[in-house]
Each structure stands twice: as structure tokens, then as C-alpha cells.
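Engineer: Below is one structure. I have some questions about it.
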Amino acid sequence: ALDPSLVVAEAAAAEARTAAEEAEAKRRAKVTKERRALERRMKKLAPAAEEFSVRLVRGFGGVGGGRSSSSSSSSASVSVEESADVTFAVEQHAERSRLVGSIIYVDTDHGDFRARWRQTRQGVPKVDERLCGYLATIVSSHYRERAYQSADRSRVDYAQAYEEMIGTYCRLEDGLRAVLPALLREMDEFEDGGGESGGGGGFAAG
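Note that this note's numbering has the sequence shown beginning at 3, numbered continuously upward.
Spelled out as C-alpha cells, the structure:
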């Protein structure tokens, strides 16, 4: 004869396994649902990747007026603090970039840009990884902010916002690495030609 206590124990164990399996199934379903919802939100928020272009400039003289709102990824410019002996508190608030129309201008005179600037002994600019990362950070911030503005979001999930910005940054970094030499050449041609230049380096971030 079976021991009644063993029967009860086995039944309890089977019930516990069933409950655990159901809980795991619910957890997986929840994770899948959240992932799909996030993918839908990111797709909805992404503006047209070809809407903007990047341009490097030396200072913002004659470029727009005052601070501009952020923008999408295809054009960027870096702003640099002109005085080398400015206090850190002032320098960290200097404009690094400015959006004017469909172009993001990046000021190459900014201390943060100069700190990442490298060139060969012959004076040829190097495509430095730190510089590409710096530009990708600037452009992705414009890109994501414009995306949120386009979506007219009154409440922001900051954890999600940072995650989306990192994703945009990673896509932009490769694109900027490819177009950086052309952006630098265009900046020199713009100055040599007295202010006439093309439309900046365009690339997709979406």
C-alpha cells in the first residue's frame, strides 16, 4: 500500500511545479510584450533620418541666433570655447552645437572638440575614435530630442529615453566615422571660399 503522506507530498510537488511553469510562462509573455511595445514606440518616435545634415564650423559667428533646439541626425556642428583660460564652470555650458534649419552646426573651437582633435605630423586630420564618439553623442542628442518633440510627449520615461539615445548614438558613430574626413574638408573649403559651401555630410541614423 502507498504511504498516504508520500502521495500528498508528490501531489504538492507536482502542483508547485505547475505553478512555477505558469509563472515563468507569464514572465516570458510579459517580457515579450514589453519588448514589442518598446520597438513600436521607438519606430513611432524616429523622425526621417535624411531630414538633417552635419556641418563643422569654427565658431558660431553668423550661424543662426542664440541657442537652438535639438534635431535629428544628419548634420552636426561643434561649438568651442574661444578662451583657453576660461573657468571650467563656464566652459561646460558653452554651446557645442546649434541647429539651424535642417543643419546641425558643430563648433570645432570648443575645448571638448579640441581635446579630441588629432592630426598627423604632416597636418592631416586623423579619424580619431574619441572624436567620432564625441560627435555621435552631440548628434544623437539632437536627434532624440527632435523625436520627442515630434511625438509631443508630455511625460518622459527617462530610462527609456537614455536607452533610445544610446541606440541612436551607436548607429551614428559608424556613420560619422565614414563622413568625418569629408566634413573636415568641407569646413576648410567653406572658409577658403569665403562662406560658400555645400549641404554638409548627410547620413542615416534610423
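Built from N, CA and C at the ideal position, the CB exists for glycine as well. In this text the structure is predicted, and so the values were computed from the model without any measurement.
In angstroms, rounded to a whole number, what distance separates the CA positions of E97 and H112?
Structural biologist: Approximately 8 angstroms, taken between the alpha carbons.
Engineer: Would you call the CB atoms of R146 and E175 closer than 8 angstroms?
Structural biologist: Not in contact: R146 and E175 (Cβ atoms no closer than 8 angstroms).
Engineer: Check this for me: beta carbons of V129 and L182, under 8 angstroms apart or not?
Structural biologist: In this structure, L182 lies closer than 8 angstroms to V129 by Cβ.
Engineer: Residue range of the beta strand (DSSP E) that R100 falls in?
Structural biologist: First-last of the beta strand (DSSP E) with R100: S99 to V102.
Engineer: Can you look up D176 in the DSSP assignment and give me helix, strand or coil?
Structural biologist: D176: helix per DSSP, three-state reduction.
Engineer: May I ask you to list the residues that DSSP assigns as paired with L58?
Structural biologist: DSSP, once it has assigned bridges, lists V108 as partnering L58.
Engineer: Just to confirm the assignment, what range does the alpha helix (DSSP H) spanning D114 have?
Structural biologist: Its alpha helix (DSSP H) spans residues G113 to R118.
Engineer: Which term fits A14, buried or exposed, when burial requires 16 or more other beta carbons within 10 angstroms of its beta carbon?
Structural biologist: Label assigned to A14: exposed.
Engineer: Look at L133 and R123 and say whether their C-beta atoms are less than 8 angstroms apart.
Structural biologist: Not closer than 8 angstroms, so no.
Engineer: Here's the rule: buried if 16 or more other CB atoms are within 10 angstroms of the residue's CB, otherwise exposed. What is D114?
Structural biologist: Under this definition D114 is a buried residue.
Engineer: Ordered along the chain, which non-local residues of its own chain (more than five positions away) have a Cβ less than 6 angstroms from that of V88?
Structural biologist: Annotation note: pLDDT 36 at V88 (below 50); position unreliable, coordinate value reported separately. Correct list: empty, nothing qualifies.
Engineer: Which whole-angstrom value describes the C-beta separation of L178 and V108, a residue pair presumed to lie in contact below a C-beta threshold of 8 angstroms?
Structural biologist: No, L178 and V108 are not in contact; Cβ-Cβ is about 10 angstroms, not under 8 angstroms.
Engineer: In the DSSP assignment, what residue or residues form a beta bridge with Q121?
Structural biologist: Answer is P127, bridged to Q121.
Engineer: What three-state label does DSSP hand A11 in the structure shown?
Structural biologist: Note: A11 maps to helix in three-state DSSP.
Engineer: In three-state terms, what does DSSP make of G63?
Structural biologist: If DSSP states are grouped into helix, strand and coil, G63 belongs with coil.
Engineer: Between R120 and K35, what straight-line distance do the alpha-carbon atoms span, to the nearest angstrom?
Structural biologist: Distance between the alpha carbons of R120 and K35 is about 46 angstroms.
Engineer: Could you name the residues of the same chain whose beta carbon sits closer than 6 angstroms to that of S142, not counting the 5 residues immediately before and after it, in chain order?
Structural biologist: These residues qualify, in order along the chain: M167, T170, Y171 and L174.
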